[in-house]
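A.B. asks: Residue 26 is where the sequence shown starts when you use my numbering, and the numbers rise one by one after that. Backbone N, C-alpha and C fix where the C-beta goes; we use that ideal spot for every residue, glycine too. Just so we're clear, the structure is a prediction, and the values are computed from it rather than from any experiment. Structure below; questions to follow.
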Amino acid sequence: MNIRGGIAMIRGQLFNFMSEKGFFWTLALGWMIGPVIYMIVWSTAASSGTIGGYDRNAFVLYYLCLILINQMTYPTTHWSTAQAIHNGSISSALLRPLPLIYGAVGQEAAVKMVCIPFVAVVVTLLGLLLGVQASFTFVSVAAGLAALMLALMIRFLLAYILSLLAFWTQHSSALLSVNDTFIFLFGGQVAPLALFPGQLNQLTHFLPYRYMISFPVEALMGTLNRESMIRGFTMQLLWTAVLMLVCYGVNRYGQRKYSAVGG
Numbered sequence: 026m027n028i029r030g031g032i033a034m035i036r037g038q039l040f041n042f043m044s045e046k047g048f049f050w051t052l053a054l055g056w057m058i059g060p061v062i063y064m065i066v067w068s069t070a071a072s073s074g075t076i077g078g079y080d081r082n083a084f085v086l087y088y089l090c091l092i093l094i095n096q097m098t099y100p101t102t103h104w105s106t107a108q109a110i111h112n113g114s115i116s117s118a119l120l121r122p123l124p125l126i127y128g129a130v131g132q133e134a135a136v137k138m139v140c141i142p143f144v145a146v147v148v149t150l151l152g153l154l155l156g157v158q159a160s161f162t163f164v165s166v167a168a169g170l171a172a173l174m175l176a177l178m179i180r181f182l183l184a185y186i187l188s189l190l191a192f193w194t195q196h197s198s199a200l201l202s203v204n205d206t207f208i209f210l211f212g213g214q215v216a217p218l219a220l221f222p223g224q225l226n227q228l229t230h231f232l233p234y235r236y237m238i239s240f241p242v243e244a245l246m247g248t249l250n251r252e253s254m255i256r257g258f259t260m261q262l263l264w265t266a267v268l269m270l271v272c273y274g275v276n277r278y279g280q281r282k283y284s285a286v287g288g
């Protein structure tokens, strides 16, 4: 692994994105609109009581944490990777003495360095404006950060794998759209997964989407018991290992196919 080359790539991407930080801040603000709307809906519905164990403050805190974690884990390179394969511009990246994934990782790191400080400020201001009460502990913050790192890997790897399917199909963009829809439904964005009915809730425990957003949010809030925490981290590690193996295989055979047809 060429670590020095990877760091240089991140530095170059960061300089490029810093010159256009206003554009990326606008994008980040747009990505917050959906969660803010659902926060208003659920907190209003729980203004006179609780829903599924969540009161108004819990809903507000949940969605503020979700906004931050969603921004930290959202991959921005999968669309451009698929497009680069389709139009042939991926060829220049394949000629570099670096694994193809380095370009995507470098861009992801640079985008997040530009956007996350802005998002953190907005979330803090929203929390102060709404008067949310948070009681984070050292354990919950540590668990939340660990879950966040694994969630970032799971979400990135799944999106990257789907983008690499562009080596075989022209419909990879449709698959990426379906993936985003599943994250919206089963990742805890439309509602906390604790509010899902029994069998549907059980289903989410086996899908990767819970462990991209919902699990890190719940770990950070400290709402999970020890058994749920262990199960969550176990599933995160399992999904990370599986997706790393799949990503390696898809990338390897995809590049072979691309080279075989004169890419």
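Taking C-beta to C-beta, are Tyr234 and Gln261 nearer than 8 Å?
C.D. replies: By 1-based counting over the sequence shown, the position of residue 234 is 209. By 1-based counting over the sequence shown, the position of residue 261 is 236. The answer is no: Cβ separation not under 8 Å.
A.B. asks: Would a C-beta distance cut-off of 8 Å place Leu150 and Asn276 closer than the cut-off?
C.D. replies: Counting from 1 along the sequence shown, the entry for residue 150 is found at position 125. Counting from 1 along the sequence shown, the entry for residue 276 is found at position 251. Cβ atoms of Leu150 and Asn276: not closer than 8 Å.
A.B. asks: Please identify the residue among Gln108, Ser165, His196, Arg121 whose C-alpha is closest to the C-alpha of Arg251.
C.D. replies: Against the sequence shown, residue 251 aligns to sequence position 226. Arg251 has its Cα closest to that of Ser165, out of Gln108, Ser165, His196, Arg121.
A.B. asks: Answer yes or no: do His111 and Tyr185 have a C-beta to C-beta separation smaller than 8 Å?
C.D. replies: Sequence index remark: in the sequence shown, residue 111 carries index 86 (1-based). Sequence index remark: in the sequence shown, residue 185 carries index 160 (1-based). No, Cβ-Cβ distance for His111 and Tyr185 is not below 8 Å.
A.B. asks: When you compare only the Cα positions, how much space is there between Pro222 and Ile126?
C.D. replies: By 1-based counting over the sequence shown, the position of residue 222 is 197. By 1-based counting over the sequence shown, the position of residue 126 is 101. C-alpha separation (whole angstroms): 39 Å.
A.B. asks: Pick helix, strand or coil for Ile76, following the three-state DSSP scheme.
C.D. replies: Against the sequence shown, residue 76 aligns to sequence position 51. Strand at Ile76.
A.B. asks: Counting C-beta neighbours from all protein chains within 10 Å, is the total for Leu263 16 or more, i.e. buried, or is it exposed?
C.D. replies: Start at 1 with the first residue of the sequence shown, and residue 263 comes out as number 238. Exposed.
A.B. asks: With a threshold of 8 Å on Cβ separation, who are the neighbours of Val215 within its own chain once the five nearest residues in sequence on each side are excluded?
C.D. replies: Reading the sequence shown from its first residue, position 190 is the one you call residue 215. Contacts found: Tyr63, Phe209.
A.B. asks: Taking 8 Å as the cut-off, decide whether the C-beta atoms of Gly290 and Ala219 are in contact.
C.D. replies: Summary: the structure shown does not reach residue 290, with the chain confined to residues 26 through 288, and so no result is reported for it.
A.B. asks: Would you check if the distance between the CB atom of Leu154 and the CB atom of Ile94 is smaller than 8 Å?
C.D. replies: As a working mapping, residue 154 is identified with position 129 in the sequence shown. As a working mapping, residue 94 is identified with position 69 in the sequence shown. Not a contact, by the Cβ cut-off of 8 Å.
A.B. asks: Who are the near neighbours of Trp67 in its chain, counting only those whose CB is closer than 6 Å to its CB and skipping five residues on each side?
C.D. replies: Sequence index remark: in the sequence shown, residue 67 carries index 42 (1-based). Closer than 6 Å at the Cβ level, and outside the excluded window around Trp67, lie Phe84.
A.B. asks: Let me know the secondary structure DSSP gives Thr259 once reduced to three states.
C.D. replies: What you label residue 259 is simply residue 234 of the sequence shown in a count that begins at 1. Correct three-state label for Thr259: helix.
A.B. asks: Hey, how far is the Cα of Ala159 from the Cα of Trp193?
C.D. replies: Locating residue 159 in the sequence shown gives position 134, counting from the first residue. Locating residue 193 in the sequence shown gives position 168, counting from the first residue. Using only the alpha carbons, I get a separation of about 48 Å.
A.B. asks: For the alpha helix (DSSP H) that Ser188 lies in, which residues bound it at each end?
C.D. replies: On the sequence shown, position 163 is the one that residue 188 refers to. Segment 163 to 189, the alpha helix (DSSP H) holding Ser188.
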